[in-house]
Structures are given as C-alpha cells and as structure tokens.
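One structure is given below, encoded as structure tokens.
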Amino acid sequence: MCGTLLSLMQIRNRLYSMSLLPLRKARCMGRREASLASNYTQTSEFADLDWENLGFGLVQTDYMYTTKCGPDGNFDKGGMVPFGPIEMNPASGVLNYGQGLFEGLKAYRKTDGSILLFRPMENAMRMQTGAERMCMPAPPVEQFVDAVKQTVLANKRWVPPTGKGSLYIRPLLVGSGAVLGLAPAPEYTFLIFASPVGNYFKEGLAPINLIVEDKFHRATPGGTGGVKTIGNYASVIMLLTLGPLFMICWLESTTTLRCIVGI
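Add 650 to a position in the sequence shown, counting from 1, and you land on the number used in this note's numbering.
Quick look at the structure:
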C-alpha cells in the first residue's frame, strides 16, 4: 500500500482549510506594497480566452518578473518586463550543469473579484532550501513574495473567473553566469512568469490513470530528490510518452515499499 489514500474531496477540503493570503491586503515586510494595479491598465477585466476549456499548458501572458544576483550574493530590486525570451550565455551554469530550481504555486479569484495566493511564503522557503543544496543564492522570503504579488497583479486579467481554474505561477532560479569548469555560476537570475490553467482534476471525482514505475527512480539516497531542482524532472519525460496517464506512482528506490504520486 502507498500509505493513507485521501479522496479528492478530502484533499480539496484540506487545501481550502489552510491559510490563503489576500493579494490586495497583504503587505510585504521591508519592501513596498505590490499594489501595481494603476501601473498596468488593461482594456478589459478578463483576457480574451476560452475559460471553459482551459488545460494545463502555457498561455502567454503580459508580464514577467526578473532580477539578477552577482558574486556578492545579493539580488537587485528587480521588476516587471514584457513576457518574452531571455538572453542566456551558452556557457551558463544552468545549461551546462543543471544549476537551477523552480517552484509552482497558484492564484485564485474569489466570487467578489479579489485574488488570493496559496502560501507563497512556503514556496519561498522551499526555494531557499533547494538553493542551499545546489550551492546557489536565493532571494529573501520577502522579495520572493513581493515578486509573486507583482507578477499576479501585472497579469491579473489572466486570473480565471471563479471556479474556472487558476493562475499558475512559475518562479525560476537559474545559474545564468558563464562557467566552463564545474563550479557555481558567477551570476544568477530569478524570474517569475505565469499562465492561466484549468482545474487540476478536470473530471472531478472520476478515476484517473496511474502507472506504477519500478524500474526508473526519480530520487535516491544522498541525491537531490528532496529539493525542486530542474534535473529531477528530465528523467520523467520518457515515461510520459508510453501512453495516456495522469500521473506516475514512483516506488521508493531502496525497498520499493513506499510510493509517491507525481510527475
């Protein structure tokens, strides 16, 4: 058995019983409020999108947040720029040695039109834990949360109507500086982009397809399975081509007695 199994209804109830951060009212400690509504005027409250048929795929939004960190270990103030490609040195640490982390969190729209974030501080702290393991500097929790708020408010017309999905927020921390030999990168980039996505369980309480994987392992003792580094996900891609499945049930690598469900 894979531990205690929770119904989707139990998971949903537990999710919404946890703390949610009101986007309009929360203040960022030590930094300016992320109240950017007046700076990003839009022609309509919602983007022109088929909100009834959202999947989990990239929808290009308006803005992304970006900041850099040099050898001193401090990130600059950063700010919003139009969403689009970024320049990357071919010798960058992330391209050559996989020195990169990412996070994933969501913003939800309430019936009164306000927008909520789900525990962004936890994502900030998890990124700090991962950065320590990957020998990278990480933005302070306050800067991380403020950057998330800026990104959501700048793209607020892409937050789906209530019950139609959420705005998926993807923070990235990568070694963007050039390095030839194996070593920490001399420069790091922290950026955040966002995309509207549909509800995770599209069919509600209907059964989903799982595959139990006992040959390949995402994580092993002493490795990086405990942090959200980009390299942990590359080995999954081959399995996703085997057929229609929703998620993979990974067995614990040494005894195969425990499992975790996820991509």
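From the three backbone atoms N, C-alpha and C, an ideal C-beta is built for every residue, glycine too.
Computed from a predicted structure; not experimentally measured.
Report yes if the CB atom of residue i is closer than 8 angstroms to the CB atom of residue j, and no otherwise.
{"i": "residue 797", "j": "residue 715", "result": "yes"}
{"i": "residue 752", "j": "residue 880", "result": "yes"}
{"i": "residue 826", "j": "residue 742", "result": "yes"}
{"i": "residue 877", "j": "residue 784", "result": "yes"}
{"i": "residue 823", "j": "residue 750", "result": "yes"}
{"i": "residue 856", "j": "residue 816", "result": "no"}
{"i": "residue 761", "j": "residue 801", "result": "no"}
{"i": "residue 843", "j": "residue 733", "result": "yes"}
{"i": "residue 874", "j": "residue 882", "result": "yes"}
Using 10 angstroms around the beta-carbon of residue i, count the other beta-carbons present and answer buried if the total reaches 16, otherwise exposed.
{"i": "residue 809", "result": "buried"}
{"i": "residue 884", "result": "exposed"}
{"i": "residue 870", "result": "exposed"}
{"i": "residue 839", "result": "buried"}
{"i": "residue 862", "result": "exposed"}
{"i": "residue 794", "result": "buried"}
{"i": "residue 865", "result": "exposed"}
{"i": "residue 773", "result": "buried"}
{"i": "residue 821", "result": "buried"}
{"i": "residue 819", "result": "buried"}
For residue i, I'd like the list of residues in its chain whose CB is within less than 6 angstroms of its CB, leaving aside the five on either flank, ordered along the chain.
{"i": "residue 709", "result": "845 and 846"}
{"i": "residue 814", "result": "701"}
{"i": "residue 689", "result": "Confidence in residue 689 is poor, its pLDDT being 45 and thus under 50, which makes the residue's placement unreliable; the coordinate value appears in the next sentence. If we look at residue 689 and ignore the five residues flanking it on each side, it has no Cβ neighbours."}
{"i": "residue 788", "result": "777, 778 and 781"}
{"i": "residue 739", "result": "828"}
{"i": "residue 717", "result": "725, 726, 728 and 840"}
Is there a C-beta anywhere in chain B that falls below 8 angstroms from the one on residue i?
{"i": "residue 796", "result": "Going by chain labels, chain B is absent from the structure shown, which holds only one protein chain."}
What does a CB cutoff of less than 8 angstroms around residue i pick up in its chain, not counting 5 residues either side in sequence?
{"i": "residue 698", "result": "none"}
{"i": "residue 832", "result": "747"}
Give me, in chain order, the residues of the same chain whose beta-carbon lies closer than 7 angstroms to that of residue i; leave out the 5 immediate sequence neighbours on both sides.
{"i": "residue 675", "result": "Low local confidence applies: a pLDDT of 40 at residue 675 is under 50, so the model's placement there is unreliable, with the coordinate-based value given in what follows. For residue 675, where only same-chain residues beyond five positions count, there are no Cβ hits under 7 angstroms."}
{"i": "residue 720", "result": "837"}
Would you say the beta carbon of residue i comes nearer than 7 angstroms to a heavy atom of the ligand GTP?
{"i": "residue 764", "result": "Ligands in the displayed structure: none, and consequently the ligand GTP is not present."}
- Item | Every unbroken beta strand (DSSP E) within the segment 745–789, with a cutoff of 3 residues, ordered by chain | Counting only runs of 3 or more, we get 750–752, 755–759 and 765–768.
- Message: At 4 residues or longer, what runs of the alpha helix (DSSP H) sit wholly inside the segment 817–891?
- Response: Counting only runs of 4 or more, we get 881–884 and 887–890.
- Counting only runs that start and end within the segment 698–742, where is the beta strand (DSSP E) found for 3 or more residues in a row? Listed in chain order, the beta strand (DSSP E) runs fully inside the segment 698–742 are 713–719 and 729–732, counting runs of at least 3 residues.
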